[in-house]
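Numbering (our numbering), first residue to last: 10 to 439.
Virtual Cβ for every residue (Gly too), placed ideally from N, Cα, C.
Note that this is a predicted model, so its numbers are computed, not measured.
Input: a single structure, listed below in structure tokens.
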């Protein structure tokens, strides 16, 4: 099957969604305009496992404009926007995604993308790359390289590299300054609360919010919670990050201590069982649990299921779990099954920040092609890079920022010759 989506009749609505995203992603459109002339991906197949959103739809079209044959599956069972998937399918793309995928379909769809025999991969969470390495080794020889979108996926790739298991070069797009300083911080900060508030419609002012972690994503979540009037507690395992959270004005403590205080708990660490059943037993009745990390393991959902004496779906993305019986019973509310609340209960990051991230994906694919060598007598390109995790050169990261500044109508200074000479000299002092 060329595609598998929820309902192809949603394509018209998806077209409108894509039009809205394109209107708010001028930096990516500038890349697309250049790709239309230069066709850097002519003859190449790009396989993707990303959140199938309106912004991703613009990325798919950008890569096609550059000459690529693109196939895509979702990287999360709950994050697909069905109208966007339908639009892409109607436009002729090999798209395999629907909101609410079961585990069987999730991995079948990734295998459908692999069946297209991609020369380049774009991943969000590393499921596509790991599946190729584990079960489709015969394809490795023809893959130029790949790109990874998120912190969790980069961590998996670095573990593969350390284990000598990585067999083709990967660009950690997440490590671009124009990605994690904007997408992770501003995007996650805003979209996480968009998801939580859509799922619950609670008043945040006056609530005690416990944010697990204080990386770029968690910092954004904490800042927006504070701005909406919440009292914020941060839990951390990294001493420098914990100190930073304290200096930013938040209370800092162990999760075990925060468990008794929080009204809303949010994880965004990339770790496992950050909130476990021991913590849940200590929580007050009415506590709300949400996750904004990539996988649904940050909250011990399985443990919560086993511990609960009753379970009820109260709202589309809010489940009530009853712990205990009688007068001592209490309720805990889990949002979006413990999966990415911003993409499950809302629409993910705003288009403006995703433009920066997807400029990074587009230009990373182009950079991988530039660093590759055409095989003798034609055929697939072979990379001149060793299998490893790379970051994009600074000049490409800077170019992404310049594109966005230009789109915003902002001009900045440049160094004079004298300033450049001074910056590169060690002789001039006090």
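- Rounded to whole angstroms, the gap between the alpha carbons of residue 26 and residue 20 is 10 Å.
- Here residue 421 is exposed. Its C-beta has fewer than 16 other C-beta atoms within 10 Å.
- Residue pairing for residue 179: DSSP places it in a beta bridge opposite 155 and 398.
- A distance below 6 Å between beta-carbons, with the five flanking residues on each side excluded, links residue 394 to the following residues of its chain, in chain order: 178 and 380.
- Within the segment 49-92, the complete beta strand (DSSP E) runs of at least 3 residues fall at 54-58 and 78-82.
- In the DSSP annotation of this structure, the continuous segment of the alpha helix (DSSP H) that includes residue 288 starts and ends at 286-291.
- With respect to residue 354, residue 326 sits close: the two C-beta atoms are nearer than 8 Å.
- Inter-residue distance for residue 189 and residue 201 is about 15 Å (C-alpha atoms, whole angstroms).
- Residue 281 carries a coil assignment under DSSP once its states are collapsed to helix, strand and coil.
- By the criterion of at least three beta-carbon pairs nearer than 8 Å, the segment 31-49 is not in contact with the segment 115-123.
- The Cβ atoms of residue 93 and residue 369 lie no closer than 8 Å to each other.
- Here residue 280 has 307 as same chain residues with Cβ atoms under 7 Å from its own Cβ, once five neighbours each way along the sequence are excluded.
- Contact fails between the segment 157-165 and the segment 241-257, because fewer than three Cβ pairs, one in each stretch, are under 8 Å apart.
- Between residue 374 and residue 50, the C-beta gap is smaller than 8 Å, which places the two residues in contact.
- The criterion of a C-beta distance shorter than 8 Å is satisfied by residue 330 and residue 317.
- With distances taken between CA atoms, residue 89 lies nearest to 348 out of 348, 367 and 415.
- In the three-state DSSP reduction, residue 425 falls in the coil class, being neither helix nor strand.
- In this structure, DSSP gives residue 144 a helical state, which the three-state scheme calls helix.
- Residue nearest to residue 309 within the set 275, 334, 235 and 73 is 275 (criterion: CA-CA distance).
- With contacts defined by Cβ atoms closer than 8 Å, residue 351 and residue 204 form a contacting pair.
- Between the beta-carbon of residue 213 and that of residue 237 there is about 4 Å, and that keeps the pair under the 8 Å contact cut.
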